[in-house]
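Residue numbers (the numbering used here): -16 to 579.
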């Protein structure tokens, strides 16, 4: 028992002494490295992050401190649990906002949709009720009900929504209730809204229910154009809505012309001449057909007989030619704006093909150029992403770059521990490049001036005696070329061939851009230098004669006895002690004798 306890205590002492020696060695290495390289960082490798650079929250996430505390179960049943209030309770507890942002509030866009529907009711049906005999004493209550519902929408728009719209004054967004109301009362919009709701309906008691008295309701056109602007801002394919709107303009002009034709026919007398409407069939469809033939100038119409008919037809022809030409021009602009990108891509490709044919470029090269154009256009929707961001301010370009590229760059091990603001500056310098299958991204021995980050696709690192063996396949998020980017003093040559395996989208960071950034971040510069030296040391490890790594030993050599431990044993021998160290010293002598 005494021998086992002694051996256990000796093992514990030996382990602790070895740990102490290991710490001494590590400390000595750090001091030695500090003396050799003054730029090397101290014990803390990671520089302190700039306090101005706030951490970027995960997209769609909520910080832990912002999460609501407490029990969020409002209703529990036998089979399920509701973690949100029922919709009726939420509706009861809803508070209307005190101010509305007209540019980003989707609720306001939805309200404008109802206002525009009420405006369209008046614009389309007031001419119909005035010209055609569709408004009768039997259905007059239905027409009046819809009319006053539309008037209620107009009134709510004035009292509830327009007086709460935020506005910009002197660069500040004004959200004060009194200021917003005064701004609306001084605007041209308020004057037009008041004219729209002129109570001309009181004349119904004198002249009857005449739809023309509601014509001022059609003057609320500002809401229509505002709705167009807001809707186009939130649609992903706004050109489709523009085509529909332009078509609606044409249909409305034909609609008004058909109403005027029926009124002219009724004025002359239905069926009185061959030119007027004869009163047979569906009156609106027949008159609309006549309006289409007149405005589009198809021809085949009966000749007018009376002076009134001749003047009416001449005005129709002039109006039709003007309106139809305007509609065609507007439709051309809409379609041209929708296909502007495709047209630019096609013109660039045609110019490139013409250039290659003029200089008699080989067909294989021409095919690769065409493939690059087609893949870049279909994958990105554009040829150069930077062209879209040139007009944006620097802050907005940074926000877009963070949303697009930060998740990829932040995972790169090389930049772990660097200043976050330095990474933000680096995101703005990244350049996206597309490589075709079997394209050489870089070749061994060439001067390296860029670092590559794989955004999408894969690349293969080639090596071996023939230089064609695949050593490793790098996927999205991987980095290569960083040694050439950070090395100095002749160490910036490529160490391997890298080939695109399939189509590959890569981010490129040039050396001069990185150097310009690191000037403002000395701590990150020291950290990157240290990492680059470690990479170079790992790449320059001793190899065997064939150039590969040496074969590992089957039985590794025994580690030497630490010097501090030897000194302790020697001191114990000189002092003639009888403790555990003395017994351990005696055992070591026996082992050495047996080995001899």
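All C-beta atoms, glycine included, are put in the ideal place defined by N, C-alpha and C.
Just so you know, these numbers come straight off a predicted model, no measurement behind them.
Remark: fewer than three beta-carbon pairs, one from each stretch, lie closer than 8 Å, so the region 120 to 128 and the region 280 to 292 are not flagged as touching. For residue 425, the secondary structure class from DSSP, reduced to helix, strand or coil, is strand.
Pairing residue 118 with residue 112, the inter-Cα distance amounts to about 6 Å. A check of alpha carbon separations from residue 426 across -5, 108 and 481 identifies 481 as the nearest. Separation of residue -3 and residue 12 (C-alpha to C-alpha, rounded to the nearest whole angstrom) is 23 Å. DSSP places residue 277 inside the alpha helix (DSSP H), whose first and last residues are 266 to 278. In the DSSP annotation of this structure, the continuous segment of the alpha helix (DSSP H) that includes residue 212 starts and ends at 204 to 217.
At the C-beta level, residue 306 and residue 241 stay beyond 8 Å of one another. In this structure residue 153 is exposed. Its beta-carbon is surrounded by fewer than 16 other beta-carbon atoms within 10 angstroms.
With fewer than 16 neighbouring CB atoms inside 10 Å of its own CB, residue 498 falls in the exposed class. The DSSP-derived three-state label of residue 192 is coil. Shown here for residue 145: same chain residues with a beta carbon closer than 6 Å to its own, the five before and five after excluded, namely 167 in chain order.
Taking the Cα positions, residue 445 is about 5 Å away from residue 453. Here the region 410 to 424 makes contact with the region 487 to 503; the two share three or more CB pairs at distances below 8 Å. Around the CB of residue 517, fewer than 16 other CB atoms lie within 10 Å, so the residue is classed as exposed.
Only buried fits residue 299, as 16 or more other CB atoms lie within 10 angstroms of its CB. The beta carbon of residue 150 is closer than 6 Å to those of 157 and 166 in its chain, skipping five residues each way along the sequence.
Per DSSP, the beta bridge partners of residue 476 are 430.
Listed as beta-bridge partners of residue 123 by DSSP are no residues whatsoever.
Judged by DSSP secondary structure, residue 456 falls within the beta strand (DSSP E) whose first and last residues are 452 to 457. Taking 8 Å as the cut-off, the Cβ atoms of residue 160 and residue 81 count as close. Taking C-alpha positions only, residue 365 is separated from residue 359 by approximately 7 Å. Relative to the Cα of residue 436, the nearest Cα in the group 463, 455 and 96 belongs to 463. DSSP lists no bridge partner for residue 131.
Here residue 415 carries a strand assignment [DSSP, helix/strand/coil]. Spanning the alpha carbons of residue 395 and residue 310 requires a straight line of approximately 55 Å. With contacts defined as CB atoms closer than 8 Å, residue 93 and residue 134 fail to qualify as a contacting pair. Taken atom to atom, the span from the alpha-carbon of residue 110 to that of residue 379 is near 49 Å. Scanning 138, 217 and 377 for the CA closest to the CA of residue 175 turns up 138. Minimum Cα-Cα distance from residue 334 among the listed residues 349, 383 and 424 corresponds to 349.
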